[in-house]
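In the numbering used here, the protein residues as written are 23 to 493. Note that beta-carbon positions come from the ideal geometry of N, C-alpha and C, so glycine has one too. Worksheet for the structure shown next.
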Amino acid sequence: MQISSKAFGYLSLAFVFLLFFLPPIDTDLGWHLRYGEYFLSTGTFLKQNTLTYFLPDYIWMDSRSLYQVLLAVTYKYSGLLGLSVIYGSLGVSIYWIFSKINSQIPKINILVFTITILASWVVFGLGIRTQIFTFAGILAVFYLAKISEKNPKILILLPLLFIFWANLHGGFVLGLAVCGIVFLQRLANRKWRKAIYLAIAGFFSALSALINPYGVGVYEDAIRYTQYPLWTLIAEWVPPNLDTKILLVVVALITVASTLRYSKRRVTFALCVILFFILAMQARRSIPFFVLASVLTLSDSYIERLKLLEKNIYFQKAISLLLISGIILLALIQVPNTFSFDTNWKNYCSSGMQRYPCRAIEYIKSHPIDGENVYAPYEWGGFLEWQLPEYKFFVDGRMPAWPTPDNKSPYTTYLEIVQAQPGYQQKLLSYGTDWLLLGPGTFLDIELQSKRGEYWKEIYRDEAAVIYVKK
Numbered sequence: 023m024q025i026s027s028k029a030f031g032y033l034s035l036a037f038v039f040l041l042f043f044l045p046p047i048d049t050d051l052g053w054h055l056r057y058g059e060y061f062l063s064t065g066t067f068l069k070q071n072t073l074t075y076f077l078p079d080y081i082w083m084d085s086r087s088l089y090q091v092l093l094a095v096t097y098k099y100s101g102l103l104g105l106s107v108i109y110g111s112l113g114v115s116i117y118w119i120f121s122k123i124n125s126q127i128p129k130i131n132i133l134v135f136t137i138t139i140l141a142s143w144v145v146f147g148l149g150i151r152t153q154i155f156t157f158a159g160i161l162a163v164f165y166l167a168k169i170s171e172k173n174p175k176i177l178i179l180l181p182l183l184f185i186f187w188a189n190l191h192g193g194f195v196l197g198l199a200v201c202g203i204v205f206l207q208r209l210a211n212r213k214w215r216k217a218i219y220l221a222i223a224g225f226f227s228a229l230s231a232l233i234n235p236y237g238v239g240v241y242e243d244a245i246r247y248t249q250y251p252l253w254t255l256i257a258e259w260v261p262p263n264l265d266t267k268i269l270l271v272v273v274a275l276i277t278v279a280s281t282l283r284y285s286k287r288r289v290t291f292a293l294c295v296i297l298f299f300i301l302a303m304q305a306r307r308s309i310p311f312f313v314l315a316s317v318l319t320l321s322d323s324y325i326e327r328l329k330l331l332e333k334n335i336y337f338q339k340a341i342s343l344l345l346i347s348g349i350i351l352l353a354l355i356q357v358p359n360t361f362s363f364d365t366n367w368k369n370y371c372s373s374g375m376q377r378y379p380c381r382a383i384e385y386i387k388s389h390p391i392d393g394e395n396v397y398a399p400y401e402w403g404g405f406l407e408w409q410l411p412e413y414k415f416f417v418d419g420r421m422p423a424w425p426t427p428d429n430k431s432p433y434t435t436y437l438e439i440v441q442a443q444p445g446y447q448q449k450l451l452s453y454g455t456d457w458l459l460l461g462p463g464t465f466l467d468i469e470l471q472s473k474r475g476e477y478w479k480e481i482y483r484d485e486a487a488v489i490y491v492k493k
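Structure, rendered in structure tokens:
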């Protein structure tokens, strides 16, 4: 099956849109919406922590302000379905940049891009999230760096990129690191003029990142994430499993060796691969950046061979057939699933990343409970803050790296209570907890049942949640 180049381009964009047309199941969606809604209603950005009663006075230097406004506006006018459309559109934009880096191999581009996304599905498969913007930003830096080899003045766009990036995700610091690596490579290759252009652009990019509601605080927040052992606490921060680590090592060795063999003057790619390899080995959330750097490096190293493969008639037919089959498959399976999830609240509550306590929420709305401070699961925090804005909850996805008086992660403090460790009751009272909304069968639920109402009394229970109030 052969199709024209123009038709293939449109079909590629359609495929990528459908691939990214996913329901927003990220558990942090709720508090992002609360932040965005606050801006829409007040015209100012929320700085003080008003969502939780743990660390209530903390000022969070959030680097996601623009993202949160985008979410809130989209959700206000088009609901969850609109967020899925936005995510699909972001995917198309990212692929467009990706395809421009090696525009002479469009069929290989769509194949490699698909492999990149599927290999990073642990991050991209959750619907719209802030990490997508760092992936796009790193890709844009690679693209601008390549263009600037022939036209250094294009780097004037770099500071503009970082203005947006620093207001979308804290990963902008990785983009600055890539700029630094490219700069060192140009110095090593004695490309003085190009190095100077990049140094100036990089300097103003670092300054332009300060154009955000929190100024230098976004740098401080990025550094803070390196000060807590989040890989021992949060699922997406944990290192990949052994099999994945072995695969990462193999890919890294092949990629670096290929660069040094076929393109010694492009050591930039090898250094970037090493940087993202280290990050990917530490946390699986960084795997997409490693995969991206690797595929761009390998494409650069083997570009002449890839051009020959691109011209192979059998390869062209195979890719065209796979592309059309992929579109049909996604249209028949993924599109209906996303529509069902986004338009059916029952499905959202029961079929996402977490099973949410929606029936309990309806009970709370119809039977208001005295006291605004609610101890609830970390994974429910953002959702509950979104659905029950009149209450404050203990922790949510913003907080794992926030500093505490006892130098523990807030998530550690949460675990000590939910696991009913010694002193949990004193902690609940000292933090001013008014009532509890728990998952049934948790250690704390079992402990409170065994106490038979010594401190807390059960007033509600279903298959997803249980509510305790003070006796």
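N395: member of the beta strand (DSSP E) spanning 395 to 397, first to last residue. Residue range 51 to 64 is occupied by the alpha helix (DSSP H) that includes L62. Judged by beta-carbon spacing, I309 lies within the 7 Å limit of S142, meaning their Cβ atoms are closer than that value. Using a C-beta cut-off of 8 Å, the stretch 481 to 488 makes contact with the stretch 375 to 385, since at least three inter-stretch Cβ pairs fall below that distance.
Secondary structure note for K339: its alpha helix (DSSP H) is the uninterrupted segment 335 to 354. Taking a 10 Å sphere around the C-beta of K216, we find 16 or more other C-beta atoms and assign the residue as buried. Unbroken beta strand (DSSP E) stretches of 3 residues or longer found wholly inside the stretch 436 to 484: 457 to 460, 478 to 483, given in chain order. Put simply, the backbone Cα of K122 is about 41 Å away from that of R377. The residue from Q338, V273, I349 with its alpha-carbon nearest to that of V317 is V273. Taken through DSSP and simplified to helix, strand or coil, K430 comes out as coil. K414 is bridged by DSSP to N395. Beta-bridge partners of I81 (DSSP): Q70. Contact check for V134 against V38 fails: the beta carbons are separated by 7 Å or more. Rounded to the nearest whole angstrom, the C-alpha separation of A279 and H191 is 32 Å. A direct Cα-to-Cα measurement between L44 and N173 gives close to 38 Å.
Under the Cβ criterion (8 Å, minimum of three pairs), the stretch 233 to 244 does not count as touching the stretch 322 to 333. Each residue's CA atom was taken as its position, placing M83 and G52 some 18 Å apart. If you ignore the 5 residues before and after A353, its C-beta comes within less than 6 Å of no other C-beta in its own chain. The DSSP-derived three-state label of K492 is strand. Per the coordinates, the alpha-carbon of W118 lies some 35 Å from the alpha-carbon of M421.
Taken in chain order, the whole alpha helix (DSSP H) runs of length 4 or more contained in the stretch 189 to 236 are 194 to 210, 214 to 230.
Here the C-alpha atom of L344 lies approximately 21 Å from the C-alpha atom of G147. In terms of Cα proximity to Q70, the closest of F164, L458, A158, D79 is D79. With 16 or more other CB atoms across the displayed protein chains lying within 10 angstroms of its CB, W187 is buried. With contact defined as three or more Cβ pairs closer than 8 Å, the stretch 47 to 65 and the stretch 90 to 99 are in contact. Counting only the Cα atoms, Y219 lies some 15 Å from N211.
Assigned with DSSP and collapsed to three states, V91 falls in helix. With a contact defined as Cβ atoms closer than 8 Å, F311 and L196 qualify at about 7 Å.
Rounded to whole angstroms, the Cβ separation of A398 and L459 is 4 Å, and the two are in contact under 8 Å.
Here DSSP, grouped into helix, strand and coil, assigns W143 to helix. Under the 8 Å Cβ criterion, the stretch 471 to 481 does not count as touching the stretch 357 to 376, having fewer than three qualifying pairs. Across the set Y490, Y482, T464, the C-alpha of Y490 shows the shortest separation from the C-alpha of E476. In the three-state reduction of the DSSP assignment, K172 falls in the coil class. With respect to the C-alpha of Y97, the residue from I169, I468, I150 having the closest C-alpha is I150. Boundaries of the alpha helix (DSSP H) around R381: 380 to 388.
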